[in-house]
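Enquirer:
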Amino acid sequence: MSGWQVAGFLLCVALATCAQSVTGFALALIMLGLAGLFELAPLPDVANVATVISLLNAAIALRGTRKWLDAPMLRATIPASIVGVAVGVALLAWLSANVVMGLRLLLGVVVIACALVVLLRAEPLATRSSTASFAGFGVLSGMLGGLFAASGPPLVYHFYRQPISLEALRDTLMAALAAGGVLRLLMVVASGQFSPNALFLCALAAPVAIGLTWWFKRRPLGWSRDAVLKIVCALLIVTGVGLVGPAVRALAA
11 MSGWQVAGFL LCVALATCAQ SVTGFALALI MLGLAGLFEL APLPDVANVA TVISLLNAAI
71 ALRGTRKWLD APMLRATIPA SIVGVAVGVA LLAWLSANVV MGLRLLLGVV VIACALVVLL
131 RAEPLATRSS TASFAGFGVL SGMLGGLFAA SGPPLVYHFY RQPISLEALR DTLMAALAAG
191 GVLRLLMVVA SGQFSPNALF LCALAAPVAI GLTWWFKRRP LGWSRDAVLK IVCALLIVTG
251 VGLVGPAVRA LAA
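Our numbering numbers the first residue of the sequence shown as 11 and each following residue consecutively.
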């Protein structure tokens, strides 16, 4: 990687961490979207970096929160997400080796779709969803996690409709995403998909992400969460369009 690519990648990490600190999601989507748009680093490497950073943040945030975890939701979601992660990691390996432009096109579509899903104002449910519904969203979340380390939006949409306390929703969601992240990391390492370049990028990105997370925890932005959410989603949509356009032209040619 050239010097400007390293600098651009660290700027992506900083922007993604800022968004995550305020909205609670989008770290992987912003990192992957911007890195793919400006061709700063291979997408599989960026996905691995996003996984490691997300796990570091979750390890800090989940300390002392066991009493809030909703065990039935976790039992319904995590086994299904394991299947999804396995499928997603396998697809990532195949696409990155055979259809690079197809991977960029898929990433662009996923980024746009996730932004639109998060912007939806879903009405809370009167009763808890069925085990099958948690399993279905778990599979979808796992696939996105395996492909792009971006497992959050499907579970964010589904979990926040459940009639349980906000503390339980937040901590159970984070625990489910962390479980999927651990599994993804184990799979990519075991299959040889965690490259030395990804390890190098992790070493560069971790201090930036941890430092900014610490800073925003003590000095939060004065902006409203809704305002930041709209800005983040607009950034995701623009980034997704920027990825989809060139990929479609290249595949058509």
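Think of the CB as a built atom: it goes at the ideal place given N, C-alpha and C, for glycine as much as any other residue.
Would you give the residue range spanned by the alpha helix (DSSP H) that PRO89 belongs to?
Expert: Start and end: 81 to 108.
Enquirer: Quick check for students: name the residue ranges of the beta strand (DSSP E) that lie wholly in the stretch 204 to 237, counting only runs of 3 or more.
Expert: none
Enquirer: Buried or exposed: ILE70, going by 16 or more other Cβ atoms within 10 Å of its Cβ?
Expert: exposed
Enquirer: Using alpha carbons as the reference points, say which of LEU157, GLY252, LEU261, VAL149 lies closest to PRO89.
Expert: Nearest C-alpha to PRO89: VAL149.
Enquirer: With distances taken from CA atoms, which of THR249, PRO217, GLY156, SER139 is nearest LEU193?
Expert: GLY156
Enquirer: Using CA atoms only, rank isn't needed, just tell me which of ALA29, ALA45, LEU25, LEU115 is closest to PHE259.
Expert: It is Arg, not Phe, that sits at residue 259 in the sequence shown. The closest CA to that of ARG259, considering only ALA29, ALA45, LEU25, LEU115, is found on LEU115.
Enquirer: Taking just the CA atoms, how far does ALA24 sit from LEU222?
Expert: 7 Å
Enquirer: Can you confirm whether LEU150, when its beta carbon is compared against all beta carbons of chain B, has any partner nearer than 8 Å?
Expert: Protein chain content of the structure displayed is limited to a single chain, and chain B is not contained in it.
Enquirer: Give a yes or no on contact between the stretch 237 to 249 and the stretch 36 to 47, applying the rule of three or more CB pairs nearer than 8 Å.
Expert: yes
Enquirer: Could you work out which residue in ARG180, GLU177, ALA244, GLY162 is closest to THR61 when comparing CA atoms only?
Expert: GLY162
Enquirer: Among the candidates LYS240, GLN30, THR87, LEU72, whose CA atom is the shortest distance from the CA of GLY152?
Expert: THR87
Enquirer: Taking contact to mean at least 3 C-beta pairs separated by less than 8 Å, is the stretch 184 to 198 in contact with the stretch 96 to 106?
Expert: yes
Enquirer: What are the start and end residues of each continuous alpha helix (DSSP H) run of 4 or more residues lying completely inside the stretch 106 to 184, in chain order?
Expert: 110 to 129, 141 to 158, 162 to 169
Enquirer: For LEU135, count neighbouring Cβ atoms within 10 angstroms of its own Cβ and tell me buried if that reaches 16, exposed if not.
Expert: LEU135 comes out exposed.
Enquirer: Exposed or buried, THR182, counting other C-beta atoms within 10 Å across all chains shown (16 or more means buried)?
Expert: buried
Enquirer: Go to SER64, then tell me how far its alpha helix (DSSP H) extends in each direction, as first and last residue.
Expert: First-last of the alpha helix (DSSP H) with SER64: 53 to 71.
Enquirer: Please work out which residues of its chain come closer than 6 Å, Cβ to Cβ, to PHE169, disregarding the five sequence neighbours upstream and downstream, and give them in chain order.
Expert: LEU179, LEU183
Enquirer: Helix, strand or coil for ALA36, going by three-state DSSP, please let me know.
Expert: coil
Enquirer: According to DSSP, simplified to helix, strand and coil, what is LEU42?
Expert: helix
Enquirer: Judging by CA-CA distance, which residue of THR137, LEU187, GLY146 is the nearest neighbour of ALA160?
Expert: LEU187
Enquirer: Figure out for me which residue from ALA29, LEU113, ILE63, VAL120 has the closest Cα to the Cα of VAL214.
Expert: Per the sequence presented here, residue 214 reads as Leu, with Val not at that position. Among ALA29, LEU113, ILE63, VAL120, the Cα nearest to that of LEU214 is on ILE63.
Enquirer: Using the three-state DSSP reduction, which class does GLY202 fall into: helix, strand or coil?
Expert: coil
Enquirer: Figure out for me which residue from PRO206, GLU133, ALA68, ILE241 has the closest Cα to the Cα of PRO52.
Expert: PRO206
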